[in-house]
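Chains as they are written, first to last, in our numbering: chain A, 1 to 327; chain B, 1001 to 1214.
Beta carbons: idealized from backbone N, C-alpha and C, even for Gly.
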């Protein structure tokens, strides 16, 4: 069967290796100048020229480390960009898409602080320049028991941390989102219980794990503002709120940093917040999830897997740790 | 003047009732259109559950506003619409529960039971629904006659149901309490307007203006 299918493909339909490599180079180059909207036309025109990409894509999938790609059905772009939790813009799922356009992401700079060899405030261009962008297709599991499958564009956080030199005392990485109430209406809410700016944190070994990336795009396009433009974290084995958006500060620390949801409701959200079907959130079960999009008579309710299905890659980080206590 | 108004209100009451009834069905139409046009987003079951719950709450506010309206306007005309409004609370609450059971839980009854026992916001929500049930059943004139004075005592349960519904909303808020607090404020105002002093103030005012006219 398989052999027959391959034989059916006309030679003219197969993308040459050189043009595939060109595409990769092109993406790398685009990454180097990835500022604002420049990235989006660059990548979309690349996909127009190179048709059809599926074979290359499969080859890339097989060649790369396990966990980097999932072959599960991807959540459509309009849902990935239209159904978001980004409380800086409001608590309704449609608020981010409605109100994020006010956010100014160009110019953007990220301050790198703490236990690093080369601290400083760097422009987004400086941050991205040396990194080759790659696609990662990850499951995204929200703590509210829904999930998506999203093709992110980004690079390993470890590469960035190594570049700026991890200090010998560094044990944790703290992140901070932009605080700009003029542009982020959710930060102006009078009855909000989150203490802005939003902060998150990882243990250093979690931050250095190859699955952990900084993402600047989705579906081959520049990261939309409602998804955390221009640069955000993706930690696929943790609940979505750990993957902090619109990052302006990365600080390496010796002590465990505070995290926003943990400060808001310590009994509901732990520092680790690893996806764990065995530990229920006090207000809802985590045993199952609803994969989006779904329909009324096809609720797409599936079992939630430990570490969101990335146990093979990350469970060893937590050997000896009581995951029920350290939720 | 007052007499003329009253008879006119009686005359038009049945027409107004038909109108109000159709109006109260508009949210249902909105839900249907949302499903047909596929405009409820990537998680339509959750959107339907939210919308139906929200409408049950809005009709509850209208129902609870009848007594204050009667006091403020010094007209008992409003009371004639209370039964219908109350039944629409129940109607949208039933819809809310059905959507939750059928579309969100996929009719997994053991999950419903687990949710009711383990999730406080569902426990109180379900509790409120259970309290609404006898009120809907005994809403007919026949039951009203049969129960006599007990009927109005039974229907005081709506206050407890309202409290549980507010808890149901507060316990679902993840971080922003603005929306639940707005509802708490609305209910507080509706409760305060029931105090005897309010009735006295509006009665006195009416007397004064009547005296002025003479």
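Interface residues of chain B facing residue 262 (chain A) [CB-CB closer than 9 Å]: Going along chain B, no residue has its Cβ under 9 Å from residue 262 (chain A), so there is no contact; the nearest lies around 12 Å.
Please confirm whether residue 262 (chain A) and residue 269 (chain A) have their CB atoms less than 8 Å apart. Between residue 262 (chain A) and residue 269 (chain A), the C-beta spacing is below 8 Å.
Just the C-alpha distance for residue 1149 (chain B) and residue 95 (chain A), rounded to the nearest angstrom, thanks. 50 Å
So, are the CB atoms of residue 220 (chain A) and residue 153 (chain A) less than 8 Å apart? yes
When you check each C-beta in the region 178-212 of chain A against every C-beta of chain B, which residues fall closer than 8 Å? 186, 189, 190, 191, 192, 193 and 194
Compute the Euclidean distance between the alpha carbons of residue 1127 (chain B) and residue 1038 (chain B), then round it to the nearest angstrom. 32 Å
C-alpha distance - residue 1215 (chain B) paired with residue 1191 (chain B), whole-angstrom precision: Outside the shown range of chain B (1001 to 1214) lies residue 1215 (chain B), about which nothing can therefore be said.
Start and end of the alpha helix (DSSP H) containing residue 1127 (chain B)? In the DSSP assignment, residue 1127 (chain B) falls within the alpha helix (DSSP H) that extends over 1120-1137.
DSSP bridge partner residues for residue 175 (chain A) (one or two, in chain order): A:200 and A:250
Alpha carbon to alpha carbon, how far is residue 1180 (chain B) from residue 189 (chain A)? Roughly 13 Å separates the two Cα atoms.
For residue 1056 (chain B) and residue 1099 (chain B), believed in contact at Cβ under 8 Å, the rounded distance: The Cβ separation is near 11 Å, so there is no contact.
Name the two residues that bound the continuous alpha helix (DSSP H) containing residue 1099 (chain B). Where residue 1099 (chain B) is concerned, the enclosing alpha helix (DSSP H) stretches over 1082-1099.
Among the residues of its own chain, which have a CB less than 8 Å from the CB of residue 58 (chain A), if the five just before and after it don't count? Its pLDDT being 37, under 50, residue 58 (chain A) is placed unreliably in this model, and the coordinates cannot settle the point.
Hey, quick one: how far does the beta strand (DSSP E) through residue 1059 (chain B) stretch, first residue to last? That residue, residue 1059 (chain B), is in no beta strand (DSSP E); its alpha helix (DSSP H) goes 1044-1073.
Can you tell me whether residue 202 (chain A) is buried or exposed? The criterion is at least 16 other CB atoms within 10 Å of its CB, across all chains shown. buried
Please classify residue 254 (chain A): is it buried, with 16 or more other beta-carbons within 10 angstroms of its beta-carbon, or exposed? Counting Cβ neighbours within 10 Å, residue 254 (chain A) comes out exposed, since fewer than 16 surround it.
So which residues of chain B does residue 87 (chain A) contact, with C-beta pairs closer than 9 Å? Taking a Cβ-Cβ threshold of 9 Å, the residues of chain B close to residue 87 (chain A) are 1174, 1175 and 1176, in chain order.
Nearest-angstrom Cα distance between residue 384 (chain A) and residue 229 (chain A)? Residue coverage of chain A in this structure runs from 1 to 327, which leaves residue 384 (chain A) outside it and unanswerable.
Let me check understanding here. Comparing Cα to Cα, which of B:1053, B:1111 and B:1081 lies closest to residue 1095 (chain B)? Nearest in C-alpha terms to residue 1095 (chain B), of all of B:1053, B:1111 and B:1081, is B:1053.
Is it right to say residue 1015 (chain B) is buried, meaning 16 or more other beta carbons lie within 10 angstroms of its own, or is it exposed? That one is exposed.
Own chain residues within Cβ distance below 7 Å of residue 40 (chain A), not counting five before or after: The predicted model places residue 40 (chain A) with a pLDDT of 42, which falls under 50 and marks its position as unreliable; any figure quoted below should be read in that light. Result list for residue 40 (chain A): 221 and 222, in chain order.
6 Å CB neighbourhood of residue 187 (chain A) in its chain, flanking five on each side removed: The beta carbon of residue 187 (chain A) is closer than 6 Å to those of 88, 181 and 196 in its chain, skipping five residues each way along the sequence.
Contact residues within the region 1118-1132 of chain B, judged by C-beta distance below 8 Å to chain A: 1118, 1119, 1120 and 1121
Residues of the region 291-325 of chain A with a CB closer than 7 Å to any CB of chain B: list them in chain order, please. 292, 293, 294, 295, 296, 299 and 301
If you run the structure through DSSP and keep just helix, strand and coil, what is residue 331 (chain A)? Given that chain A is displayed from residue 1 to residue 327, the structure contains no residue 331 (chain A) and the question cannot be resolved.
On the DSSP bridge list, what partners appear for residue 146 (chain A)? A:290
Where residue 91 (chain A) meets chain B, residues with beta-carbon distance less than 9 Å: 1173, 1174, 1175, 1176, 1178 and 1179
For residue 246 (chain A), which residues in the same chain have their Cβ closer than 6 Å to its Cβ, ignoring the five residues on either side in sequence? Hits under 6 Å: 177, 178 and 228.
Just to confirm before moving on: does the CB-CB distance between residue 1154 (chain B) and residue 1147 (chain B) stay below 8 Å? yes
Distance between residue 1086 (chain B) and residue 1027 (chain B) (C-alpha atoms, nearest Å): 15 Å
Any chain B beta carbon closer than 8 Å to residue 99 (chain A): no
Using a Cβ-Cβ cut-off of less than 7 Å, give me the residues of the region 1185-1204 of chain B that come near chain E, in sequence order. Here the protein chains are A and B, and chain E is not one of them.
Does the region 145-163 of chain A come close enough to the region 120-137 of chain A to have 3 or more Cβ pairs within less than 8 Å? yes
May I ask which residues mark the beginning and end of the alpha helix (DSSP H) holding residue 1034 (chain B)? 1026-1036
Please state if the CB of residue 1187 (chain B) and the CB of residue 1166 (chain B) are separated by a distance shorter than 8 Å. Yes, they are a contact pair.
Using the Cα positions of residue 1075 (chain B) and residue 1009 (chain B), report the straight-line distance between them to the nearest angstrom. If you take the alpha carbons of residue 1075 (chain B) and residue 1009 (chain B), they lie about 11 Å apart.
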